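Chemist: For the sequence shown, counting from 1, position 170 maps to 217 in our numbering; every step adds exactly one.
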Amino acid sequence: MSINLRTVYAFAREMYPKNSSTPVQYGTAGFRGRAEFLDSVMYRMGVLATLRSRIRGGAVIGVMVTASHNPEPDNGVKLIDPKGEMLEASWESIATDLANVEDSELEAHVAKIISDNKIDVGSSSNVFVGMDNRYHSPRLLKAVADGVIALKGNVREFGIVTTPMLHFFVVAANTRGAYGQPTEEGYYRKLITAFETLRGDKLENGNYRNKLIFDGANGVGARKMLQFLKRMHNSLQVEVINKGDGKINENCGADHVKVKQAVPIGMPIVEPYTRCVSVDGDADRVVYFFTDDAGHFRLLDGDRIATLVADYLMDMLKRCDLDLSMGLVQTAYANGGSTDYIANTLKVPVACVPTGVKHLHHKALQYDIGVYFEANGHGTIIFSDNAKCLIKAQSETNPNAKILLQIIDLINETVGDAISDMLLVETILNSKGWDVKDWLATYDDLPNLQLKIKVQDRNVITTTDAERVCVTPVGLQEAIDKVVSNYKRGRAFVRPSGTEDVVRVYAEAATKDETESLAYEVGNLVHQLAGGVGPELIHPGKTISAHI
Ligand code: 16G
Ligand code: MG
48 MSINLRTVYA FAREMYPKNS STPVQYGTAG FRGRAEFLDS VMYRMGVLAT
98 LRSRIRGGAV IGVMVTASHN PEPDNGVKLI DPKGEMLEAS WESIATDLAN
148 VEDSELEAHV AKIISDNKID VGSSSNVFVG MDNRYHSPRL LKAVADGVIA
198 LKGNVREFGI VTTPMLHFFV VAANTRGAYG QPTEEGYYRK LITAFETLRG
248 DKLENGNYRN KLIFDGANGV GARKMLQFLK RMHNSLQVEV INKGDGKINE
298 NCGADHVKVK QAVPIGMPIV EPYTRCVSVD GDADRVVYFF TDDAGHFRLL
348 DGDRIATLVA DYLMDMLKRC DLDLSMGLVQ TAYANGGSTD YIANTLKVPV
398 ACVPTGVKHL HHKALQYDIG VYFEANGHGT IIFSDNAKCL IKAQSETNPN
448 AKILLQIIDL INETVGDAIS DMLLVETILN SKGWDVKDWL ATYDDLPNLQ
498 LKIKVQDRNV ITTTDAERVC VTPVGLQEAI DKVVSNYKRG RAFVRPSGTE
548 DVVRVYAEAA TKDETESLAY EVGNLVHQLA GGVGPELIHP GKTISAHI
C-alpha cells in the first residue's frame with residue numbers, strides 16, 4: 048500500500064484547519080477544551096491512532112470522543128492502547144506535538160513521526176472510534192475517522208458508547224473474542240449473564256432491597272443503563288433520572304454529587320436510606336449516595352467502593368482456599384479514614400500513586416488481584432493471568448471459586464466502568480445482606496475539603512511522593528507541614544490540576560471546622576508563595592477572600 052502524506056495536509060487544509068494558536072496538551076486523560084477548537088486536534092488524533100496501530104502490528108487502537116464530566120460546551124479525546132490501557136506515556140508528548148504543529152508543517156511532522164518510530168506505513172492499521180452524546184461529538188468523530196482514512200487505515204465507528212465500552216471493544220477485538228465479543232450486544236451479554244448468574248433468584252437479602260435510583264448525568268451512561276434494563280430480566284429495579292433531557296453533567300452526575308456533596312437535580316422523593324448512584328458523562332466514574340432520616344446527604348465514594356470490594360474479595364479468597372496477593376491502590380485524595388481501615392482492619396497492602404487512572408492501573412498490575420479506585424469513583428479490579436488460572440482450576444471442586452469466576456466476568460477490567468462497578472457493588476451488598484447504613488458503618492470518613500486557586504503558572508508547583516510532597520516553590524512544603532502540625536489528624540497537600548488551569552488544595556482534619564480552617568491556611572500559603580491571581584480561594588460552594 049502506498050501512502051501519500053500530501054493527503055494528510057490536503058485534508059487538514061480543506062476540512063480541519065487549525066483555528067486556535069493556544070497550545071494544547073495531552074493531559075491526565077487526553078485533550079479537553081471548547082469543542083469549537085477541537086476539529087483539527089481530532090483529525091490529527093485519527094492520524095496518530097493509525098500510526099500507533101501500525102507500530103503495534105495492526106492491533107486495534109481506540110479513540111473516544113468525550114469530555115467526561117466537563118460541561119456541555121467542552122469536548123475531548125482519549126486514546127486507548129491495545130490492551131485497553133491509556134495511551135502509553137511516551138506517546139503523550141508525540142500527541143501533544145502533533146496537535147500543536149501548524150497546518151503547513153503537518154506533512155513534514157507526520158513524516159518525522161514515521162521515521163523516528165520506524166513505522167511501516169504500508170502495514171495494516173485498525174482504529175475503533177466512539178463518542179458521547181454531546182451535540183458536537185458526531186462532527187468531531189467524523190474528524191477522527193477522516194484522520195484514519197487520510198492514512199488509509201481501517202476505521203470502525205461504534206457511535207454513542209460509554210468510554211469503558213470502547214475500552215472493552217478494543218480488548219475484545221485484540222484478544223480475538225477471548226474477553227468477549229467486540230459489539231454492544233457482546234458487552235451487555237457478558238455483564239448481564241454474570242450479574243444474573245450471581246444474583247439467581249435471590250433478589251433481596253437481609254437489609255438489602257432491590258431498588259435503586261440511577262443518576263445518568265444526562266450523558267451516555269443514562270442511555271446505556273436503559274439498554275441494560277431492557278435486556279435484564281427484572282433482576283435489578285432501577286429508576287433512571289437525568290436520562291438526557293437536560294444538559295450533560297449540569298447539576299447532576301458523579302462529579303457534581305462528589306464535589307458539591309449534594310443530591311443531583313431531578314431527584315424524586317424517596318424514602319430515607321434509598322440507595323442512589325451517580326455516574327459521570329461518559330460513565331467511567333461512579334459514586335453512591337443517600338439521604339438519612341434527618342435529611343442529611345451522605346456520600347459513599349470511590350474509597351467506599353474500594354473497601355467494600357477488597358473486603359469481599361479477601362473473604363472469597365479464604366473461602367476458595369487460595370493464596371493470592373491482593374493490593375489496593377489509592378491516590379492522595381483517598382480519605383485517611385479509608386486508608387486506616389484498609390491497613391488496620393482489612394489488613395490489605397495499600398499503595399498510593401499520583402492522580403489519574405493510568406497510574407493506578409499500572410500499580411494494580413503488580414498484584415495477583417489489584418483493586419484500584421480514586422475517591423472520585425474512577426476504578427476497577429484487575430486479575431493477573433496467574434490468578435485467573437488458579438481460580439479456574441479451583442472452580443472444578445470449590446463452588447466459591449465458581450462464584451469468583453462470575454465476579455471476574457462482571458468486572459470490566461480494561462478500565463473503570465461505572466455500570467459494571469455498580470453491578471458489582473449491588474452483587475456484594477446483596478450477598479452481605481447490607482443496606483447503605485451497614486456499608487457506611489464500616490469506617491468513618493474524616494471531614495475533608497478541596498479548594499481551587501488560580502495562579503499565574505500552575506507548573507511552578509511540582510510534587511513528589513505521589514503528589515503528597517511539594518518540591519517547588521521552595522519553602523511551600525515546610526510552611527504546609529508547620530500549619531498541618533497544629534491540627535488533630537490533619538493532612539493537606541497541593542498539586543497542579545491536570546485538567547484545569549488551577550492549583551488544587553486538599554485538606555482533612557478531625558472536625559469540619561478544623562478542616563475548613565486548615566484548607567484556607569494552606570490555600571493562602573499557595574496564594575502567597577505560588578503567585579496567586581485574583582483575590583479569592585475557590586471553594587465548591589462559595590469563594591473566600593485570600594489572606595484572611
Ligand atoms: C481525569 C482523570 C481522573 C483524575 C482527574 C483529575 C482518567 C481517565 N481521568 O479526569 O482519573 O482523577 O483527571 O483531575 O485518568 P485534576 O488533575 O484536574 O485534578
Ligand atoms: Mg469520565
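Heads up, the beta-carbon is just placed ideally off N, CA and C, and yes, glycines get one too. Note that the structure is predicted; figures quoted are calculated from it, not measured.
1. Within 10 angstroms of its Cβ, does D339 collect 16 or more other Cβ (buried), or is it exposed?
2. Need the endpoints of the beta strand (DSSP E) that C517 sits in, please.
3. Thinking R53 and E154 are a contact (beta carbons under 8 Å), I'd like their distance in whole angstroms, please.
4. Does the beta-carbon of G109, which I'm using as the reference point, lie nearer than 7 Å to any heavy atom of the ligand 16G?
5. Cutting at 6 Å between CB atoms, please list the residues of its own chain near V404, excluding the five before and the five after it.
6. CB of H586 to nearest heavy atom of the ligand 16G: below 7 Å?
7. According to DSSP, is E204 helix, strand or coil?
8. Tell me whether S181, by its Cβ, gets closer than 7 Å to a heavy atom of the ligand MG.
9. If you check the beta carbons only, do I141 and I102 fall under 8 Å apart?
10. Bridge partners for L371 per DSSP, in chain order?
11. With respect to 7 Å, is the separation between the Cβ of T210 and the closest non-hydrogen atom of the ligand MG below this value?
12. Between A309 and K271, how many whole angstroms is the CB-CB distance? I'm expecting something under 8 Å.
13. Could you name the residues of the same chain whose beta carbon sits closer than 8 Å to that of Y363, not counting the 5 residues immediately before and after it, in chain order?
14. Determine which residues share a DSSP beta bridge with L347 and list them.
15. Return the CA-CA distance between D468 and T427, expressed in angstroms with no decimal places.
16. Go through its chain and collect everything with a Cβ distance to H183's Cβ below 6 Å, but skip five positions before and after it.
17. Ends of the beta strand (DSSP E) at C596?
18. Using a 10 Å radius around the Cβ and a threshold of 16 neighbouring Cβ atoms, would you call I595 buried or exposed?
19. Return the bridge partner residues of G123 from the DSSP annotation.
20. Taking all protein chains shown into account, do 16 or more other C-beta atoms lie within 10 angstroms of the C-beta of A557, making it buried, or fewer, making it exposed?
21. Which same chain residues, not among the five before or five after T474, have their C-beta less than 6 Å away from its C-beta?
22. Under 8 Å between the Cβ atoms of S611 and D415?
23. Near E421, what residues of its chain come up, given a Cβ to Cβ distance below 6 Å and the 5 sequence neighbours on each side ignored?
24. Between R505 and the ligand 16G, is there a pair consisting of the residue's CB and a ligand heavy atom that are separated by less than 7 Å?
Modeler: Checking against the coordinates, here is how it stands:
1. Residue burial is scored here from C-beta neighbours: D339 has fewer than 16 other C-beta atoms within 10 angstroms and is therefore classed as exposed.
2. Run containing C517: V516 to T519, per the beta strand (DSSP E) assignment.
3. The distance from the Cβ of R53 to that of E154 is about 6 Å, consistent with a contact at the 8 Å cut-off.
4. no
5. H425
6. no
7. strand
8. The sequence as given places Arg at residue 181; Ser does not occur at that position. Flag unset: Cβ of R181 not near the ligand MG.
9. no
10. L371 is not bridged to any residue.
11. yes
12. Not really, about 25 Å apart at Cβ, beyond 8 Å.
13. The residue you asked about is not Tyr; residue 363 is Met in the sequence shown. Closer than 8 Å at the Cβ level, and outside the excluded window around M363, lie N447, I450, L451 and I454.
14. Y335
15. 7 Å
16. A82 and N122
17. Residue 596 is absent from the model: the chain starts at 48 and stops at 595.
18. Because the pLDDT at I595 is just 48, under 50, the model does not fix this residue reliably, and the point stays unresolved.
19. Its beta-bridge partners are R79.
20. exposed
21. L245
22. The displayed coordinates of the chain run from 48 to 595. Any statement about residue 611 would go beyond what the structure contains.
23. G349 and T378
24. In this structure, the ligand 16G has no non-hydrogen atom nearer than 7 Å to the beta-carbon of R505.
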